[in-house]
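For any residue, its number in my numbering is found by taking its place in the sequence shown, counting from 1, and adding 1.
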Amino acid sequence: MRETCRALLLRLASLFRRRRLDEELDAELRSHLEMAVDFNLRRGLTAEDARREALRDFGGVEQTKEIYREQRGLPLIETTLQDVRLGLRILRRSPGFSLLALLCLTLGIGANAAVLSWIEGILFRPFPAVAHQDRLMALVGTARGEPGNPDVSWPDLVDFRSGCPRIEAFIAEKITGVTLTIGDRAERATGSVVSSNYFDALGVRPILGRGFEPSEDVGRNAHPVTVISYRIWKDRYGGDPAIVGRTQALNGLPHTIVGVAPEGFYGTFVGYAFDFWVPASMQAHFDPTGYKLEDRDARWIEGFVLLGPGVSAAQAQEEISAVARRLEADHPDTNRGRGVRLMPLWQTPFNNAGALLPTLGTALAVVILVLLIA
Numbered sequence: 002m003r004e005t006c007r008a009l010l011l012r013l014a015s016l017f018r019r020r021r022l023d024e025e026l027d028a029e030l031r032s033h034l035e036m037a038v039d040f041n042l043r044r045g046l047t048a049e050d051a052r053r054e055a056l057r058d059f060g061g062v063e064q065t066k067e068i069y070r071e072q073r074g075l076p077l078i079e080t081t082l083q084d085v086r087l088g089l090r091i092l093r094r095s096p097g098f099s100l101l102a103l104l105c106l107t108l109g110i111g112a113n114a115a116v117l118s119w120i121e122g123i124l125f126r127p128f129p130a131v132a133h134q135d136r137l138m139a140l141v142g143t144a145r146g147e148p149g150n151p152d153v154s155w156p157d158l159v160d161f162r163s164g165c166p167r168i169e170a171f172i173a174e175k176i177t178g179v180t181l182t183i184g185d186r187a188e189r190a191t192g193s194v195v196s197s198n199y200f201d202a203l204g205v206r207p208i209l210g211r212g213f214e215p216s217e218d219v220g221r222n223a224h225p226v227t228v229i230s231y232r233i234w235k236d237r238y239g240g241d242p243a244i245v246g247r248t249q250a251l252n253g254l255p256h257t258i259v260g261v262a263p264e265g266f267y268g269t270f271v272g273y274a275f276d277f278w279v280p281a282s283m284q285a286h287f288d289p290t291g292y293k294l295e296d297r298d299a300r301w302i303e304g305f306v307l308l309g310p311g312v313s314a315a316q317a318q319e320e321i322s323a324v325a326r327r328l329e330a331d332h333p334d335t336n337r338g339r340g341v342r343l344m345p346l347w348q349t350p351f352n353n354a355g356a357l358l359p360t361l362g363t364a365l366a367v368v369i370l371v372l373l374i375a
């Protein structure tokens with residue numbers, strides 16, 4: 002190991018002593034060549050023949066130099082440095098063209114990085130601050146195997162939870178718009194009715210207080226509690242560290258604040274930034290069509306699933322389809338022809354990511370064109 006390190010250091014040092022080492026090499030080669038010529042002269046050859054014979058026996062001076070340089074240095078680094086020097090000389094010869102090419106290349110690389118970040122953020126990791134997005138999929142309802150009402154009923158979701166051990170979590174959500182009243186100030190706000198496991202399943206830990214408890218999924222409007230967004234906490238409450246336990250009115254009903262979501266978490270709908278979340282038991286308060294947690298035919302949930310570690314989408318789909326077939330047999334009046342399909346997050350019909358694909362494709366094509374021009 003010590004010898005290897007020493008050899009590497011010597012090779013690195015040779016990069017900074019190239020001229021001196023080349024001069025020493027030239028002197029040494031001349032010395033060997035002169036010795037060979039003298040030897041041939043003593044053999045009775047003429048001066049011209051003696052030198053020709055010495056060069057032939059030597060095998061080529063320039064080839065010997067190249068072999069020695071490769072052995073003493075780092076060819077890859079030396080070649081790179083030579084390319085850089087050549088590029089700089091070309092830049093000096095045609096500064097206008099070089100500046101234009103450099104500008105196009107800079108714009109192309111910057112735009113390419115921006116588009117790729119956009120693609121990753123929208124298609125592959127659409128939800129900031131959410132963990133395990135590679136295992137998160139949309140749960141989409143189907144009618145006779147074809148896209149229909151994409152929502153799922155709460156009783157069906159409960160049965161899927163108990164019948165699909167390969168799926169780590171089933172997450173319910175429904176976007177809602179409300180009147181948010183804080184003190185004497187009222188404003189429109191966007192929030193979400195969610196299952197109690199929402200924050201835990203997404204790996205999102207409130208920075209103050211807690212998420213929701215399993216008991217808060219049960220009962221009609223029985224648990225008027227809420228987790229507020231970081232923005233609301235900062236803008237409307239001034240970042241009050243004692244915010245937990247205070248109340249704010251949602252559609253006129255006071256809700257106790259039990260937690261504050263972390264900065265950067267906006268919810269699980271592309272294009273929306275939620276202001277609050279409430280547990281599933283409060284569904285009827287935010288839905289003028291009534292209470293739906295006990296109605297198997299009321300499909301209102303926009304759901305997600307978190308696959309278990311090592312579980313493929315195909316395995317999870319097979320398991321959940323088996324439960325859907327059983328529910329169809331057990332509840333023909335409400336579930337005849339009904340199924341569910343697991344889909345990538347960007348393809349879910351209740352998100353807007355898929356609609357952005359044409360825009361992403363156009364932006365990527367423009368970036369490639371700029372790079373080709375450069």
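C-beta: ideal position from N, C-alpha, C; glycine also.
Bear in mind that the values here come from a model prediction, so they are computed numbers and not experimental data.
Q. Between R247 and the rest of its own chain, which residues show a CB-CB distance below 6 angstroms, the 5 nearest in sequence each way excluded?
A. I258
**Q.** Residues near F171 in its chain [Cβ-Cβ closer than 6 angstroms; skip 5 each side]
**A.** L158, F161, R162, V306
Q) Using a Cβ-Cβ cut-off of 8 angstroms (strictly less than) and excluding sequence neighbours within five positions of A281, which residues of its own chain qualify? A) Shown here for A281: same chain residues with a beta carbon closer than 8 angstroms to its own, the five before and five after excluded, namely W155, A173, V194, V195, S196, S197, E217, D218, L294 in chain order.
Q | Simplified DSSP assignment, three categories, for A8 | A | With a pLDDT of only 47 at A8, under the threshold of 50, the placement of this residue in the model should not be trusted; the figure read from the coordinates follows. Three-state DSSP puts A8 in a helix.
Q. What does DSSP give as the partner residues of V261 in its beta bridges?
A. Answer is L209, I229.
Q) At which residues does the alpha helix (DSSP H) containing T335 begin and terminate? A) 333–336 is the extent of the alpha helix (DSSP H) around T335.
**Q.** P156 in three-state terms, based on DSSP
**A.** helix
Q: Please classify A170: does DSSP put it in a helix, a strand, or coil?
A: Reduced to three states, the DSSP call for A170 is strand.
Q) How many angstroms separate the CA atom of L140 from the CA atom of I244? A) Inter-residue distance for L140 and I244 is about 34 angstroms (C-alpha atoms, whole angstroms).
Q. DSSP beta-bridge partners for L307?
A. Answer is L137, A170.
Q: Classify S193 as helix, strand or coil using the three-state DSSP reduction.
A: strand
(Q) For V85, count the other beta carbons within 10 Å of its own beta carbon; 16 or more makes it buried, fewer makes it exposed. Which is it? (A) exposed
Q.
Within a Cβ cutoff of 6 angstroms, which residues of the same chain sit near G178, ignoring the five residues on either side of it in sequence?
A. Scanning its chain for C-beta atoms nearer than 6 angstroms, with the 5 sequence neighbours on each side dropped, one finds around G178 the residues T191, in chain order.
Q) DSSP beta-bridge partners for L106? A) BP columns for L106 are empty, so no partner.
Q. Are A144 and G311 touching if we call contact CB-CB under 7 angstroms?
A. no
Q) In its own chain, which residues sit with a C-beta less than 6 angstroms from the C-beta of D202, not counting the 5 before and 5 after it? A) The amino acid at residue 202 is misidentified as Asp; the sequence shows Ala. A170, I172, L307, listed in sequence order.
Q | Span separating the alpha-carbon of D288 from that of R300 | A | 13 angstroms
Q: Run the CB neighbour count on S230, radius 10 Å, all protein chains shown included, and call it buried at 16 or more, exposed below.
A: buried
Q.
Taking the straight line between their C-alpha atoms, what separation do you get for L87 and N113?
A. 27 angstroms
**Q.** Cβ-based burial, N222 [other Cβ within 10 Å; buried from 16]
**A.** exposed
Q: Please classify T182: does DSSP put it in a helix, a strand, or coil?
A: Strand at T182.
Q. When the Cα atoms are used, what is the spatial distance from P255 to A315?
A. Distance between the alpha carbons of P255 and A315 is about 44 angstroms.
Q: Evaluate S235 with the Cβ neighbour count: other Cβ atoms within 10 Å of its Cβ, from every protein chain shown; 16 or more gives buried, anything less gives exposed.
A: Checking the sequence shown, residue 235 turns out to be Lys, not Ser. When all chains shown are included, K235 counts as exposed.
Q) Out of curiosity, what's the CA-to-CA distance linking R53 and A28? A) 19 angstroms
Q | Paired residues, beta bridge with W278 - DSSP | A | Bridge partners of W278 according to DSSP: S193, V228.
**Q.** Collapsed DSSP secondary structure at L370 in the structure displayed
**A.** helix
Q: Taking D296 as the reference, give the member of F200, D334, A366 with the closest Cα.
A: D334
Q) What are the partner residues of P215, as DSSP defines its beta bridges? A) Beta-bridge pairing links P215 to no other residue.
Q: Run the CB neighbour count on E303, radius 10 Å, all protein chains shown included, and call it buried at 16 or more, exposed below.
A: buried
Q) What do you reckon, are the CB atoms on G260 and A130 nearer than 7 angstroms? A) no
Q: Report buried or exposed for L10, applying the criterion of at least 16 other Cβ atoms within 10 angstroms of its Cβ.
A: For L10, the pLDDT reaches just 48, beneath the cut-off of 50, and the residue's location in the model is therefore unreliable, although a value from the coordinates is still provided. L10 should be labelled exposed.
(Q) Within a Cβ cutoff of 8 angstroms, which residues of the same chain sit near A115, ignoring the five residues on either side of it in sequence? (A) none
Q) Can you tell me where the beta strand (DSSP E) with A343 in it begins and where it stops? A) Looking at the sequence itself, residue 343 is Leu, so the reference to Ala does not match. Unbroken beta strand (DSSP E) run through L343: 339–344.
**Q.** C-alpha distance - F270 paired with I168, whole-angstrom precision
**A.** Spanning the two alpha carbons is a distance of roughly 21 angstroms.
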